[in-house]
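Report on the following structure.
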Amino acid sequence: MTEIRLIASDIDGTFLNDQREFDRSRFQAQLDELSRRQIKFVVASGNQLAHCQEVFEGIEGDLTFVAEDGALTVEQGKVLDDNPIKPALLHDALDYLMSTPEFAEAKLILSTRQQAFTNMVPSDADWKDSAYFYQHLTPVAKLTAVNEPIYKIDIHWSGLTDVRPQAEQLQNALGDDLGCVMSGLGGMDVTMPHVTKAYGLTQLQNLWQISMDETMAFGDTQNDEAMLQHARLGYAMKNAEPEAKKATKLITKLDNNHSGVLDMIERLLTGEIK
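The sequence shown stops at residue 629 when you use our numbering, and every number in between is there.
In structure tokens form, the structure reads like this:
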């Protein structure tokens, strides 16, 4: 059996519990052992790079980030792959979102590497939650006037948790020009069509000469689907959404609130999983 040389994990609903925490001392010990065995650990998230780095602040060791659903890959502070949305496609998508009745109440966030722009205002009920995920969240009067590289359009509604009908409608409208996936917490992400977490992992696998058979991955929502299918050991969390569970036959023993990812890493390190 081929040994695992790369472990990739989503953050929210996967690595973190519902209080947005993880067992830091346990993971630090695991990361030390993974490094000793020359096993790479990759944070693969739909979140902004700055937020991903903030979650793991204080953890020492070799961490690589596939952020923005795969649109931005960074190793040891060096950008390896960079895929912002083409400006013309971004403007077309924004025009559709702002002119279509079904999206009239949608909250939109444009994610850059270190900042985010939104049609929300600080008095909105969900501003605090959104600001947790985005560094320097900035309200703007006209989103189409933003001229910085945008990696992702984040779309959500206040109080709406099931956005499957909206996601289907938007993907049909976007066609092959842009990709749209549900990201959990009632959100949708729009990126360039080739961008997925699996795409980001492929860049790293090519760099490190690691195969799909040597890869283990964890996720809980539709934006993890490609990554779970990509890895030989692609685990949907016990608490995962149906889209993630349909992507793989492997399910973690424990959910995110009981350190499900750390439990599976422990099983790998002790030889229970091969």
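Cβ coordinates follow ideal geometry from the N, Cα and C atoms, glycine included.
Predicted, not measured: the structure shown is a model, and the values here were computed from it.
Verify whether the separation of the beta carbon atoms of residue i and residue j is less than 8 Å.
i           : j           : result
residue 612 : residue 372 : yes
residue 579 : residue 436 : no
residue 440 : residue 510 : no
residue 363 : residue 399 : yes
residue 623 : residue 359 : yes
residue 464 : residue 489 : yes
residue 543 : residue 524 : no
residue 615 : residue 592 : yes
residue 512 : residue 461 : yes
residue 527 : residue 498 : no
residue 617 : residue 382 : yes
Taking the DSSP output, what are the residues bridged to residue i?
i           : result
residue 573 : 364 and 590
residue 488 : None; residue 488 has no bridge partner.
residue 420 : 398 and 429
Please state the DSSP three-state secondary structure of residue i.
i           : result
residue 494 : strand
residue 441 : coil
residue 613 : helix
residue 538 : strand
residue 513 : coil
residue 473 : strand
residue 380 : helix
residue 508 : strand
residue 454 : helix
residue 435 : strand
residue 619 : helix
residue 397 : strand
residue 531 : coil
residue 462 : strand
residue 543 : strand
residue 605 : strand
From residue i to residue j, what does the alpha carbon distance come to, in whole angstroms?
i           : j           : result
residue 427 : residue 546 : 11 Å
residue 434 : residue 468 : 11 Å
residue 349 : residue 550 : Only positions 356 to 629 of the chain appear in the structure, and residue 349 is not among them; the question remains open.
residue 374 : residue 518 : 23 Å
residue 563 : residue 610 : 30 Å
residue 621 : residue 629 : 12 Å
residue 407 : residue 367 : 10 Å
residue 619 : residue 416 : 19 Å
residue 630 : residue 532 : Not covered by the structure: residue 630. The range shown for the chain is 356 to 629.
residue 458 : residue 470 : 24 Å
residue 438 : residue 501 : 17 Å
residue 552 : residue 491 : 24 Å
residue 377 : residue 369 : 10 Å
residue 608 : residue 379 : 20 Å
residue 565 : residue 361 : 7 Å
Check: Are at least three pairs of beta-carbons, each pair with one atom in the stretch 536-556 and one in the stretch 570-579, less than 8 Å apart?
Finding: A contact exists between the stretch 536-556 and the stretch 570-579.
Can at least three beta-carbon pairs, one atom from the stretch 582-591 and one from the stretch 554-571, be found at a separation below 8 Å? Touching, yes, given that three or more Cβ pairs across the two stretches are closer than 8 Å.
Next item on the list: Decide yes or no for the touch test of the stretch 556-568 against the stretch 412-432: beta carbon pairs closer than 8 Å, at least 3 of them.
Entry: yes
Q) Should the stretch 590-603 be regarded as contacting the stretch 381-388, the criterion being three or more beta carbon pairs within less than 8 Å? A) no
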